[in-house]
Amino acid sequence: MSSTDASNPEVIKQLKELFDLVDKDHSGSIDFDEMGYFLNELGIRNPSFFSVLIWYVSDKDGDGILTFEEFKLLVLNLPKISKLPEFVATLAFLKLDKDHSNSIDIDELRSMFKDLGNCISDKQIVKIFNHFDKDKSGTLELKEFKRFIKRIAKPFKKTFNESALE
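Start counting the sequence shown at 1; every next residue gets the next number (the UniProt record's numbering).
The structure is reproduced here in structure tokens:
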């Protein structure tokens with residue numbers, strides 16, 4: 001499926017059927033656990049942080065669930081996204097840069113990890129931040145943030161590409 005298929009009624013029907021399968025509790029939306037099941041079904045056995053980041057940027061309104069429209073965009077773009085960590089990094093960067101300073105400070109990075117379920121400690125966040133803040137400006141510019149995303153995307157790309165062959 002390509003993103004041009006989005007207007008094809010048959011593609012929309014198939015996506016709706018897939019959405020309904022992933023929506024295990026039939027709530028009309030997909031939560032993070034249901035998405036984990038979906039990724040597992042795609043053959044992505046150990047969804048990496050990059051998978052979580054894809055979830056983060058797909059949840060356009062930030063309510064912690066995916067609507068059918070958000071899911072449709074994700075599924076139609078998943079092959080492209082998996083090959084373009086820079087694209088995902090840019091989307092995440094724009095979402096995180098809440099003060100529109102064209103950089104991410106430590107609090108904005110913390111908010112991402114908080115939104116993702118506090119998956120790591122504050123000490124680890126500071127360590128990550130300091131490691132990727134190459135110019136020691138106290139902020140991550142887009143270039144530095146992209147380096148961070150590329151680093152964490154490597155296992156995802158390998159897993160996704162292997163699962164695509166199954």
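C-beta: ideal position from N, C-alpha, C; glycine also.
Bear in mind the structure is a predicted one, so any value in this text is a computation, not a measurement.
Can you check which of these residues, the options, is closest to residue i by C-alpha distance?
i	options	result
residue 149	93, 63, 73, 101	93
residue 100	71, 139, 131, 73	139
residue 11	141, 22, 63, 76	76
residue 33	14, 64, 13	64
residue 105	21, 125, 61	125
residue 13	102, 26, 68, 112	68
residue 128	115, 35, 142, 110	110
residue 54	98, 7, 91, 9	91
residue 132	20, 147, 19	147
residue 19	112, 59, 35, 115	35
residue 59	21, 115, 7, 26	115
Just confirm the distance between the C-beta atoms of residue i and residue j, as a whole number of angstroms; I'd bet it's less than 8 angstroms.
i	j	result
residue 88	residue 52	Actually they do not touch by this definition, with Cβ atoms about 11 angstroms apart.
residue 30	residue 73	Not a contact, Cβ separation roughly 13 angstroms.
Could you tell me whether the Cβ atoms of residue i and residue j are closer together than 8 angstroms?
i	j	result
residue 24	residue 37	yes
residue 144	residue 136	no
residue 108	residue 96	yes
residue 103	residue 141	yes
So residue i is in the alpha helix (DSSP H); what residue range does that whole segment cover?
i	result
residue 122	122-132
I'd like to confirm something about residue i: is its beta-carbon nearer than 7 angstroms to some heavy atom of the ligand FAD, or not?
i	result
residue 17	Annotation note on the ligand FAD: not contained in the displayed structure, which lists no ligands.
ask   = Where in the stretch 5-34 do unbroken runs of the alpha helix (DSSP H), each at least 4 residues long, occur, reported from the N-terminal end onward?
value = 9-22
message = Report the start-end ranges of each alpha helix (DSSP H) in the UniProt domain "EF-hand" (84-119) that is 4 residues or longer and not cut off at the edges.
response = 85-96, 106-115
request  = With a floor of 3 residues, list each beta strand (DSSP E) that falls wholly inside the stretch 46-75, ordered by position along the chain.
outcome  = Listed in chain order, there is nothing to give.
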